[in-house]
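If you want this note's numbering, it's the 1-based position in the sequence shown plus 16. Following: one structure in structure tokens, then a few remarks.
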Amino acid sequence: MQPKIMMKKKSVSASKASLVLFLCQMISALDVPLDLSQPPTITQQSPKDYIVDPRENIVIQCEAKGKPPPSFSWTRNGTHFDIDKDAQVTMKPNSGTLVINIMNGGKAEAYEGVYQCTARNERGAAISNNIVIRPSRSPLWTKERLEPNHVREGDSLVLHCRPPVGLPPPIIFWMDNAFQRLPQSERVSQGLNGDLYFSNVQPEDTREDYICYARFNHTQTIQQKQPISVKVFSMDSLNDTIAANLSDTDIYGAKPVTERQPVLLTPTGSTSTKVELRGNVLLLECIAAGLPTPVIRWIKEGGELPANRTFFENFKKTLKIIDVSEADSGNYKCIARNILGSAHHVISVTVKAAPYWITAPRNLVLSPGEDGTLICRANGNPKPNISWLANGVPIAIAPEDPSRKVDGDTIIFSHVQERSSAVYQCNASNEYGYLLANAFVNVLAEPPRILTTTNKLYQVIADSPALLDCAYFGSPKPEIEWFKGVKGSILRGNEYIFHDNGTLEIPVAQKDSTGTYTCVARNELGKIQNEVHLEVKDPTMIIKQPEYKVIQRYGQVSFECIIKHDSTLLPTVIWLKDNDALPDDERFLVGKDNLTIMNVTDKDDGTYTCIVNTTLDSVSASAVLTVVARPNPPFDLELTGQLERSVELSWIPGDENNSPITNFVIEYEDGLHEPGVWHYQTEVPGTQTTVQLKLSPYVNYSFRVIAVNEIGRSQPSEPSEQYLTKSANPDENPSNVQGIGSEPDNLVITWESLKGFQSNGPGLQYKVSWRQKDVDDEWTSVIVANVSKYIVSGTPTFVPYEIKVQALNDLGYAPEPSEVIGHSGEDLPMVAPGNVQVHVINSTLAKVHWDPVPLKTVRGHLQGYKVYYWKVQSLSRRSRRHVEKKILTFRGNKTFGMLPGLEPYSSYKLNVRVVNGKGEGPASPDKVFKTPEGVPSSPSFLKITNPTLDSLTLEWGSPTHPNGILISYILKFQPINNTHELGPLVEIRIPANESSMILKNLNYSTRYKFYFNAQTSVGSGSQITEEAVTIMDEAMASRQVDIATQGWFIGLMCAVALLILILLIVCFIRRNKGGKYPVKEKEDAHADPEIQPMKEDDGTFGEYRLFSFVSSAPF
């Protein structure tokens, strides 16, 4: 399973939050402070189409603000609505909201109509939308007599709902008497009109409680249609019914269920039309009859279905396109298809549009003498008509205003005066609806004021936008300037964005953006300023994120979340699992920077998210935990297709526990021969859930399946049902048949018995047959029980026999067995090898030859020859010792061999014997041979004693193995100096009968190295070495007095030390007075860096010179 790690970061000052803040500020900048005179503004009103619950009081909202506070009045159906004359109607204090008392005797139906609210003060009048009040309705179902529906299997059926017309329309659904929703599928589904459609009926559709329910949400009531009965007749039952009513001579019989190509149940015909409004949801439906059940497909002729807005519902029978626009107009084709053919229907869709705003008029604040415009632009299909009202009166009949000029969708104001203040309404309407917008013109003369709090502190994260407020008001509109710092210059440049509402935006705030900012607002009536403060913080970061983990069940896992944050911010860390709180479980341990889960279980599988929050930003990182385990055991084992020698086994895999199943192992149990013992049968890949198994006769099989994944093997499945195969003749005979005699006069025939399931039936026995090979004898046979050995007695010694063993049971014999060759028992060989010859090759190696014995005298399988040899005595020493015989075996019919490892100058004996399976034959006569001389071993020791000024005494021992007659000893020696270099080599020959000598005329106080070895006539043996030193001459030693003890030497050393001390003092005094020499300073100042003196580590050069001097010294 690839690693899965997700990380995201959000900030309070991020772009989306900044945009929302900016929009809010911009809106507030257009608001006139409520302490200033202003026309009314509608702030809250009920929806245009207002459906009310007839059992509750009707509340029609109308709230407005203005200075002075506005008064309210209402019209109903276009005429003044005098609320004082209706005791059931009241208006809330300081509000225009109406409350119609229905719960105390009023009737909602009496108050149906179109209501409009007017809010008025001395500066103008604002009006609400036309609010249409309609009480909701949930009428009862009309009583009707429903006939049972008798329908033939495979035919189509439509159960009509036809709910009562309610306001708003009810929600339709089908249930049974137990209030359980009826299952729906591609074959059975509910249409948009509430009817239940069957593409084809099946016998299981028979029932008497198909009930259509209508739920009216406004009144919270549910109406129920009378149950509809459906009886589906199958072909068999129809034939039985017809047969019971016709005579034997009549021809009868209903046609069997026949497959039918699709026919559309809805919509009917080949084409239809549909009109939908812009912004609404377009729903198109096609439901077809047919057998097999048709599949529905949708296309748009001449175009593509809109991506990201197209959805298929109701098993693709409904095409849903959200937020439709004029571009979605066109022809949509539904195609119903099954194996017999297809049917189609084309729906021509036209998208119309109620009016929608392009530019809605906005409040206009002007100072006396200024100019301005109100713009009202809307679009729709068909194009809407634009009309203007002034204070709720059509502008054509409104009082004249010389500063106002209407130009279509625009009103132009020139040189306004205070009396020009008014509220204007723009109405854009077409046949599908209308838009109404209020916008006032307020003429004021006001000096600037800043609405943002003084010394407000803003905190943002580095590299994110900073938005500094300067909400203002004034008339004429003030100009806004920003400064940074107490004496800073005006801010300009691309690094700042200045919004019309006064906000200063720093798109990418940095640490150096921290500081105090001053906003200055000025117009012709005055000037005002305000200071705000900005702090830029380091962003919060997750420097060690949690990583994707795969863990075995019952293990332990840990996710790390190490963070770095601004020191002035206090982070909080929250861990989530699958975007929800961690389970309330003590196994979950939340540490300072990690989450540990103990004893992991399957339910811990999921996505774990570390969220770090501060007051300014939030970061998160996620990682997936995959819990793996051995697979669950397979289940629902089923045996099918049972034959005498095979069966098909199928199963359902258990949960793979997040680790794919690689293979399945199939095992079997033979309940007849080995109950309780499971054997390997076969295995198949993990993608396979069925297998054809080969079987043996006369076995009571049970099977089980084991699933295997990378984690391990599952528990075995529950055993399958048992399957006992029929008995049959044995298919095979025993294996590994052998005939080997255990005595010279018998033949032991052995074989490996058949296993229980190989017997193929009861009464397993064996027919054992034998006859002597190459002799015209008949087969001798015997039938034995289920054993694995039979002994034939009275046979000649070691003769070949033809042998065969055949299996049989109560049903018969196995196929004819193959023959094997065996031999009766062996006896010891009768004769010894003759003509034994020895050829000595060298002092340690000899070659022996012999003549082979006749095969008849071997009396068994010839295994080879054995050579026995031993040392009689050494020819150089007459002492005898214990005789140790050595044996060399030469396999097969070999007639020679090599004898290695002999001792030189020795006398040996040997003999040869033939070997068979029974043992060894008699030995040949002993043969004597001698080995020649060889080189001796090293002397047994070398001692050097009695050192003098010029002599050393040497003592030695003779070689442990002379290997011949010693003729002399060779002594070599040479001096060694203090550097272990060797001097000239001197050689001395010493008689063999000597064991010591004094070596004279040597140098005093000198080390010598000695090399010593013995010689025979063949050559020199290996040498031994020693080293020794002559002593020093006493007279010379007395003259070599230690110089360090002499008085004159001590005095000299003291004088040298004093001189060095004086020089150091002089140098110190000069350095304190004058520093460096001027020339030296110049040299240091202008020194070429490429020729600077070497540093301390350049001392290796000195070592190299010293090494060269030593290595070149003479010996």
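Where a beta carbon is used, it is the ideal one built from N, C-alpha and C, also for glycine.
Identity of the residues DSSP links to residue i by a beta bridge
i       : result
Gln441  : Leu405 and Asn454
Thr106  : Val115
Leu711  : Paired residue(s): none; Leu711 is not in a bridge.
Met914  : Lys863
Phe651  : Ile668
Arg1023 : Ile992 and Val1045
Tyr782  : Val800 and Ala823
Val476  : Val552
His839  : Ile756 and Pro816
Gln242  : Note: Gln242 sits in no beta bridge, so no partner.
Glu734  : None; Glu734 has no bridge partner.
Integer-rounded CB distance, given that residue j should sit under 8 Å from residue i
i      : j      : result
Arg465 : Phe499 : Not quite, the Cβ-Cβ distance comes to about 19 Å (not below 8 Å), so this is no contact.
Pro691 : Ser743 : Incorrect: roughly 18 Å between the Cβ atoms, too far for contact.
Glu842 : Lys882 : Their Cβ separation, rounded to whole angstroms, is 16 Å, which puts Glu842 and Lys882 out of contact at 8 Å.
Val432 : Pro384 : 7 Å
Gln568 : Val644 : 6 Å
Arg71  : Tyr131 : That belief does not hold up - the Cβ atoms of Arg71 and Tyr131 are roughly 20 Å apart, past 8 Å.
Exposed unless 16 or more other CB atoms sit within 10 angstroms - verdict on residue i
i       : result
Glu1003 : exposed
Lys901  : exposed
Asp387  : exposed
Pro1094 : Bear in mind that a pLDDT of 37 at Pro1094, under 50, signals an unreliable position, so the number given afterwards is only what the model happens to contain. Exposed.
Ala597  : exposed
Gln561  : buried
Leu605  : exposed
Ile147  : buried
Val75   : exposed
Cys1070 : exposed
Asn209  : exposed
Gln704  : exposed
Of the residues the options, the one placed nearest residue i, counting alpha carbons only
i       : options                            : result
Ala862  : Met557, Met846 and Tyr921          : Tyr921
His15   : Lys943, Gly937 and Ser840          : What the structure shows of the chain is the stretch from 17 to 1131, and residue 15 is not part of that stretch, so it cannot be assessed.
Ser215  : Pro1007, Val148 and Val174         : Val174
Asn443  : Asn458, Ser430, Thr426 and Glu511  : Thr426
Pro310  : Asn296, Phe232, Tyr213 and Glu292  : Tyr213
Ser1036 : Cys486, Asn629 and Pro975          : Pro975
Ser718  : Glu447, Arg729 and Glu734          : Glu734
Phe195  : Cys228, Gly182 and Asp171          : Cys228
Tyr884  : Ile903, His877, Pro870 and Leu871  : Ile903
Lys336  : Asn330, Ser345 and Thr326          : Thr326
Ile992  : Tyr985, Ile986, Leu1001 and Ser984 : Leu1001
Val280  : His166, Leu299 and Arg353          : According to the sequence shown, residue 280 is Leu rather than Val. The shortest C-alpha separation from Leu280 is found at Arg353.
Val573  : Leu871, Asn648 and Tyr624          : Tyr624
Val693  : Ile99, Glu683 and Glu660           : Glu683
Gly170  : Pro868, Glu275, Glu768 and Ile338  : Glu275
Pro322  : Ala305, Ser345 and Glu301          : Ser345
Beta-carbon proximity list for residue i, same chain, < 7 Å, skipping 5 on both sides
i       : result
Ser892  : Tyr921, Pro978, Gly980 and Ile981
Ile1040 : Ser954, Pro955, Leu958 and Phe1028
Gly140  : Pro55, Pro56, Asn407, Ser437, Ala438, Val439 and Phe456
Asp793  : Arg787
Pro1105 : Because Pro1105 sits at a pLDDT of 36, beneath the cut-off of 50, its placement in the model cannot be relied upon, and the following sentence gives the value as read from the coordinates. So no residue of the chain qualifies.
Neighbourhood of residue i by C-beta distance below 6 Å, restricted to the same chain and skipping five residues each side
i      : result
Met846 : Thr873
Pro86  : Pro56, Ala80, Ala135, Arg136 and Asn137
Gln239 : Trp157 and Ala230
Gln242 : Leu162
Leu520 : Leu484 and Trp498
Spatial neighbours of residue i in its chain, beta-carbon cut-off 8 Å, leaving aside the 5 residues before and after
i      : result
Gly285 : His361
Leu479 : Sequence inspection shows Asp at residue 479; the Leu mentioned does not correspond to that position. So the list reads Val524, Ala525, Gln526 and Pro555, once near-sequence residues are dropped.
Asn120 : Gln104
Leu35  : The pLDDT assigned to Leu35 is 40, lower than 50, so where the model puts this residue is not dependable; a value taken from the coordinates is nonetheless given after this. Within the same chain, Leu35 has no close Cβ partners at all.
Asn994 : none
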